[in-house]
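Engineer: Questions regarding the structure given below will be posed in turn.
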Amino acid sequence: AQSVTQLGSHVSVSEGALVLLRCNYSSSVPPYLFWYVQYPNQGLQLLLKYTSAATLVKGINGFEAEFKKSETSFHLTKPSAHMSDAAEYFCAVLSSGNTPLVFGKGTRLSVIA
Amino acid sequence: DVKVTQSSRYLVKRTGEKVFLECVQDMDHENMFWYRQDPGLGLRLIYFSYDVKMKEKGDIPEGYSVSREKKERFSLILESASTNQTSMYLCASSLFQGGQPQHFGDGTRLSIL
Numbered sequence: 011a012q013s014v015t016q017l018g019s020h021v022s023v024s025e026g027a028l029v030l031l032r033c034n035y036s037s038s039v040p041p042y043l044f045w046y047v048q049y050p051n052q053g054l055q056l057l058l059k060y061t062s063a064a065t066l067v068k069g070i071n072g073f074e075a076e077f078k079k080s081e082t083s084f085h086l087t088k089p090s091a092h093m094s095d096a097a098e099y100f101c102a103v104l105s106s107g108n109t110p111l112v113f114g115k116g117t118r119l120s121v122i123a
Numbered sequence: 026d027v028k029v030t031q032s033s034r035y036l037v038k039r040t041g042e043k044v045f046l047e048c049v050q051d052m053d054h055e056n057m058f059w060y061r062q063d064p065g066l067g068l069r070l071i072y073f074s075y076d077v078k079m080k081e082k083g084d085i086p087e088g089y090s091v092s093r094e095k096k097e098r099f100s101l102i103l104e105s106a107s108t109n110q111t112s113m114y115l116c117a118s119s120l121f122q123g124g125q126p127q128h129f130g131d132g133t134r135l136s137i138l
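Chains as they are written, first to last, in our numbering: chain L, 11 to 123; chain E, 26 to 138.
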């Protein structure tokens with residue numbers, strides 16, 4: 011069965027600091043991986059997706075994620091945090107076929123001025 | 026851009042009422058999904074559908090039913106609303122092909138009094 015673990019339910023960084031949100035997955039086959047962002051009182055918005063074309067994936071708003079098969083990880087990074095990055099972030103995995111995404115429990119990012 | 030529209034952003038109902046949550050997508054997606062989101066629990070899948078008149082149970086279907094009479098519309102029904110169904114409800118859609126991301130509506134915040 012697929013699963014996703016997001017380490018840290020809440021991460022706090024200073025404005026301008028590096029953002030690192032961790033995601034580990036389990037899958038019996040090469041996965042498709044996704045990061046979503048949710049701003050308060052809104053739905054989820056796709057940040058980026060990994061579909062095996064390249065291990066480093068660039069997304070919107072300056073975020074990127076690196077697929078590391080040996081570590082079964084897909085961590086999300088941004089070099090310099092902005093106040094507008096404060097939101098909840100979800101990692102999701104899809105192993106194969108036409109099945110629903112499996113989501114992690116989310117990490118709430120706070121950015122301190 | 027894909028547009029997933031949920032009929033209400035906020036809804037207040039009473040215990041025992043039959044509640045309908047509506048979701049419409051405009052991109053001819055085959056798959057549609059209903060989730061509920063609660064603090065600390067992340068997103069939990071209630072029901073999903075791969076085609077008109079088809080439905081599959083997710084992780085927490087108890088107390089809910091769904092209807093998909095047209096491809097673009099997926100309705101979630103609370104047969105007899107209870108206070109423990111107070112939550113944020115999110116609808117999503119995706120293409121049938123494997124590896125496709127899900128696109129979300131803005132959510133309905135439902136309160137059962």
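We treat Cβ as the ideally placed atom computed from N, Cα and C, and that holds for glycine.
From a predicted model like this one, the values you see are computed outputs, not experimental measurements.
1) Just mark G65 of chain E as buried or exposed, buried being the case when its beta carbon has 16 or more other beta carbons within 10 Å.
2) Please list, in chain order, the chain A residues whose beta carbon lies closer than 8 Å to that of D26 of chain E.
3) When you compare each of L:L28, L:E98, L:S90, L:L86 to G53 of chain L by their alpha carbons, which one comes out closest?
4) Quick one: list the residues of chain L neighbouring L66 of chain E, beta-carbon separation under 9 Å, in chain order.
5) What are the residues in the region 34 to 63 of chain L lying within 7 Å of chain E by C-beta distance?
6) Going along chain L in order, which residues have a C-beta closer than 8 Å to the C-beta of L115 of chain E?
7) Give the secondary structure of Q110 of chain E by DSSP, where H, G and I count as helix, E and B as strand, and everything else as coil.
8) For F99 of chain E, tell me which candidate among E:S90, E:Q110, E:E42 has the shortest Cα-Cα distance.
9) Contact criterion: CB-CB distance below 8 Å. Does L111 of chain L meet it with respect to chain E?
10) Going along the region 67 to 96 of chain E in order, which residues come within less than 8 Å of chain L, judged by CB to CB distance?
Structural biologist: Taking the definition as stated:
1) exposed
2) Judged by its chain identifiers, the structure shown contains no chain A, and its protein chains are L and E.
3) L:E98
4) K115
5) Y42, F44, Q52, G53, L54, L56, K59, T61
6) G53, L54
7) helix
8) E:S90
9) yes
10) G67, L68, L70, F73, Y75, G83
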